[in-house]
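Comments concern the structure below.
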Amino acid sequence: MEQVLELKNIHYAYHTLEGETLALTDISFALNKGEFVSIVGPSGCGKSTLLSLISGLIEPEKGCIKINGKYQKESTTNVGYMLQHDELFEWRTIYNNVILGLEVQHMLTARTKKRAHDLLDLYGLGQFETSRPSELSGGMRQRAALIRTLVLEPDLLLLDEPFSALDYQTRLTVGDDIGQIIRKEGKSALLVTHDLSEAISLADRVIILSGRPASIKQTIPLIFKLDLDTPLNRRNAPEFKTYFNLIWKELNTDE
Amino acid sequence: MSNLSTEQQTYLLKHRRHKRIVVLSRILILLAFLLTWELTARAGIIDSFIFSSPTKIAACFFGMLLDKSIFLHLGVTLYETLLSFLLVIAISILVAVALWFSSKLSEILDPYLVVLNSLPKSALAPLLIVWLGATKTTIIVAGMSVAIFGSILSLYTSFTVVDPGKIKLIYTLGGNRFHALSKVVLPSSIPAIISNMKVNIGLCLVGVIIGEFLAARDGLGYLIIYSSQVFKMDWLLMSIVLLCIMATLLYSLISLLERWCLHRF
Ligand SMILES: Nc1ncnc2c1ncn2[C@@H]1O[C@H](COP(=O)(O)OP(=O)(O)OP(=O)(O)O)[C@@H](O)[C@H]1O
Ligand SMILES: [Mg+2]
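One line per chain: the protein sequences are G and W, in this order.
The numbering used here runs 16 ahead of the 1-based position in the first sequence.
In terms of the numbering used here, the second sequence has 70 at position 85, counting the first letter as 1, and numbering is strictly consecutive.
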């Protein structure tokens, strides 16, 4: 199967005057095309660092990252990175927020503009194009942030706890909602989350990280026997609880 | 209007009465002040040669209005203030941007900026005259010198407190530092830039007046210093009143700009 992403023996440490903080040690895994993988791990273990490395914001001290078979530095693949907060700019309308990435990458054409409008329409923000971010609910803002990432047509999506700023109920619906959108667009995605049920209901595979410095403790493939594999159906499936307990136990055992 | 509850109506009525009292009191204070001044001067309680009087000031103003000399003085001061203000804004934004681009540069220059900013700028004016001569340039530079260092420091500070998450977003979208500047730092600093303008317009006026004291043939500052030397107190006090009005108008101009920006962004 075609690999969108491949990490080999990644090490990373932060350096400050107070000392060195080892964040990641010997992380290796791969992501297949169209696959949705969740990463869970204790707080502060290095999950955001991992996504920053993959997106190229920082460089690994050891090891290599390949995207679509090319080293991260030479890669021309568009990697979409959705941050924990929506970071919508209040001085721009929703539409202008959504096309920010296109502006920055000089990709504003009639075609991409139309795509932005289409995506906004498709995901229920059509009549809010000229609104300011503060006029939208938390879930709508998160959807706008996702569209801002999607209009760049990324082959790989990185999601860093994108729902954690939402209240529990919105989080469930928006999480399921956005999970469906990503599946529908056929994207490969890497989702970092604290929420085990979110990880299980959305992903094909869950990677469990150890505490800092993070290394991979275990990878658990998720297999559900469902006619219609939606996040909601998964939550009600009998396998859900089994997986939940399995991952919970794995996270809470120190070797 | 008729569907307002009586409580709401009483509240609104009270509010309106409060507003009316405030405005009326303000006008009364001014009138009382002017009247006392005028009457005491006429009665000889205060020496009108030293303290002048409202009517003498007004007469003096109309005299200068008729021979048109007042327009020259007002125009010169206004021109010098606006020019030094615009230069201060442009230069301080450019320098603050440069400092933002290079944290090394900003760290290196920090002590110099702090020292220059805390220096009493009026001390520089005589030096400027020696260097640049008694010209308009000197006065404009004097106006700038009062405002520029503080302006750079405050703009740079406002650039550095921009939400790092928003800058990270630009990088995740494939942008570079220029994009971070043009899409995040500058737009989100517009309120800071405007409040910086509000401070600077006043400071530039101070600097220009200091410059005119020392090196001018025209302008309100020149009028003030000249009239004090020849003991024409009508001129002096009229110039101060005009200065008050000019400062207020310039400040209101920026407030207007602020309101327009608030509307747009
Ligand atoms: N810029 C930095 N400088 C120094 N240390 C850092 C920096 N960023 C993160 N760290 C440290 O690296 C470790 C991993 O950080 P990271 O943000 O990747 O964790 P995380 O798993 O995403 O945490 P959370 O679950 O809280 O989001 C943390 O212990 C943090 O203290
Ligand atoms: Mg994190």
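Virtual Cβ for every residue (Gly too), placed ideally from N, Cα, C.
Quick caveat, the model's predicted, so the values are computed rather than measured.
Taking the beta carbon of residue i as the centre, do at least 16 other beta carbons fall within 10 Å, making it buried, or is it exposed?
{"i": "residue 247 of chain G", "result": "buried"}
{"i": "residue 25 of chain G", "result": "exposed"}
{"i": "residue 220 of chain W", "result": "buried"}
{"i": "residue -10 of chain W", "result": "exposed"}
{"i": "residue 53 of chain W", "result": "exposed"}
{"i": "residue 229 of chain W", "result": "exposed"}
{"i": "residue 69 of chain W", "result": "buried"}
{"i": "residue 14 of chain W", "result": "exposed"}
{"i": "residue 248 of chain W", "result": "exposed"}
{"i": "residue 284 of chain W", "result": "Given a span of -14 to 250 for chain W in the structure shown, any question on residue 284 of chain W remains unanswerable."}
{"i": "residue 159 of chain G", "result": "buried"}
{"i": "residue 150 of chain G", "result": "exposed"}
{"i": "residue 122 of chain G", "result": "exposed"}
{"i": "residue 31 of chain G", "result": "exposed"}
{"i": "residue 178 of chain W", "result": "buried"}
{"i": "residue 12 of chain W", "result": "exposed"}
{"i": "residue 79 of chain W", "result": "exposed"}
{"i": "residue 238 of chain W", "result": "exposed"}
{"i": "residue 206 of chain W", "result": "buried"}
{"i": "residue 272 of chain G", "result": "Nothing about residue 272 of chain G can be read from this structure; chain G reaches only from 17 to 271."}
{"i": "residue 121 of chain W", "result": "buried"}
{"i": "residue 256 of chain W", "result": "In this structure chain W extends from -14 to 250, so residue 256 of chain W is not present and cannot be described."}
Counting only beta-carbon separations shorter than 8 Å, does residue i have a partner in chain G?
{"i": "residue 48 of chain W", "result": "no"}
{"i": "residue 150 of chain W", "result": "yes"}
{"i": "residue 164 of chain W", "result": "yes"}
{"i": "residue 176 of chain W", "result": "no"}
{"i": "residue 155 of chain W", "result": "yes"}
{"i": "residue 89 of chain W", "result": "no"}
{"i": "residue 227 of chain W", "result": "no"}
{"i": "residue 171 of chain W", "result": "no"}
{"i": "residue 121 of chain W", "result": "no"}
{"i": "residue 158 of chain W", "result": "yes"}
{"i": "residue 168 of chain W", "result": "yes"}
Between residue i and the rest of its own chain, which residues show a CB-CB distance below 6 Å, the 5 nearest in sequence each way excluded?
{"i": "residue 142 of chain G", "result": "136"}
{"i": "residue 131 of chain W", "result": "106, 188, 191 and 192"}
{"i": "residue 236 of chain G", "result": "222"}
{"i": "residue 203 of chain G", "result": "173"}
{"i": "residue 200 of chain G", "result": "none"}
{"i": "residue 212 of chain W", "result": "220 and 221"}
Assuming residue i contacts residue j (C-beta within less than 8 Å), just tell me the rounded distance between them.
{"i": "residue 206 of chain G", "j": "residue 182 of chain G", "result": "Their Cβ separation, rounded to whole angstroms, is 20 Å, which puts residue 206 of chain G and residue 182 of chain G out of contact at 8 Å."}
{"i": "residue 163 of chain G", "j": "residue 139 of chain G", "result": "6 Å"}
{"i": "residue 29 of chain G", "j": "residue 18 of chain G", "result": "Rounded, the Cβ-Cβ distance is 32 Å, inconsistent with contact."}
{"i": "residue 69 of chain G", "j": "residue 150 of chain W", "result": "Not confirmed; about 18 Å, so no contact."}
{"i": "residue 54 of chain G", "j": "residue 23 of chain G", "result": "Not a contact, Cβ separation roughly 16 Å."}
{"i": "residue 228 of chain G", "j": "residue 62 of chain G", "result": "6 Å"}
Would you please verify whether the beta carbon of residue i is less than 8 Å from any beta carbon of chain W?
{"i": "residue 105 of chain G", "result": "yes"}
{"i": "residue 121 of chain G", "result": "yes"}
{"i": "residue 73 of chain G", "result": "yes"}
{"i": "residue 27 of chain G", "result": "no"}
{"i": "residue 101 of chain G", "result": "yes"}
{"i": "residue 116 of chain G", "result": "yes"}
{"i": "residue 97 of chain G", "result": "yes"}
Whose C-beta lies closer than 7 Å to the C-beta of residue i among residues of the same chain, with five residues either side of it excluded?
{"i": "residue 145 of chain G", "result": "109, 110, 111 and 136"}
{"i": "residue 234 of chain G", "result": "224 and 266"}
{"i": "residue 255 of chain G", "result": "240"}
{"i": "residue 156 of chain W", "result": "none"}
{"i": "residue 102 of chain W", "result": "134, 135 and 138"}
{"i": "residue 76 of chain G", "result": "26, 27, 28 and 69"}
Once you ignore the five residues that flank residue i on each side, which residues in its own chain have a CB closer than 8 Å to its CB?
{"i": "residue 147 of chain W", "result": "169, 170, 173 and 174"}
{"i": "residue 57 of chain W", "result": "203"}
{"i": "residue 40 of chain W", "result": "23"}
{"i": "residue 251 of chain W", "result": "No answer is possible for residue 251 of chain W: the residues shown for chain W start at -14 and end at 250."}
{"i": "residue 109 of chain W", "result": "127 and 130"}
{"i": "residue 217 of chain G", "result": "191, 192, 195, 247, 248, 250, 251 and 256"}
Please determine whether the Cβ atom of residue i lies at a distance below 7 Å from any heavy atom of ligand 3.
{"i": "residue 61 of chain G", "result": "In the structure on display, ligand 3 does not appear, and the ligands it does have are ligand 1 and ligand 2."}
Q: Please list the segments of the beta strand (DSSP E) lying wholly inside the region 38 to 118 of chain G, counting only runs of 3 or more residues, in order along the chain.
A: As far as the region 38 to 118 of chain G is concerned, its whole beta strand (DSSP E) runs of at least 3 residues are 52 to 56, 78 to 83 and 95 to 98.
**Q.** Whole alpha helix (DSSP H) elements within the region 208 to 250 of chain W, 4-residue minimum
**A.** The DSSP assignment places complete alpha helix (DSSP H) segments of no fewer than 4 residues inside the region 208 to 250 of chain W at 218 to 249, in order along the chain.
Q: Identify every run of the alpha helix (DSSP H) within the region 224 to 258 of chain G, keeping only runs that are complete inside it and at least 4 residues long; order them along the chain.
A: Complete alpha helix (DSSP H) runs here, min 4: 247 to 252.
Q) Enumerated in chain order, which unbroken segments of the alpha helix (DSSP H) with a length of 4 residues or greater are wholly contained in the region 109 to 183 of chain W? A) Counting only runs of 4 or more, we get 109 to 117, 121 to 145 and 149 to 157.
Q) Which parts of the region 20 to 108 of chain W are runs of the alpha helix (DSSP H), unbroken and 4 residues or longer, counting only runs that do not cross its ends? A) Runs found: 33 to 36, 39 to 51, 54 to 86 and 88 to 103.
Q) Taking the runs of the alpha helix (DSSP H) that are 4 residues or longer, which of them lie wholly in the region 179 to 205 of chain G? A) Listed in chain order, they are 184 to 200.
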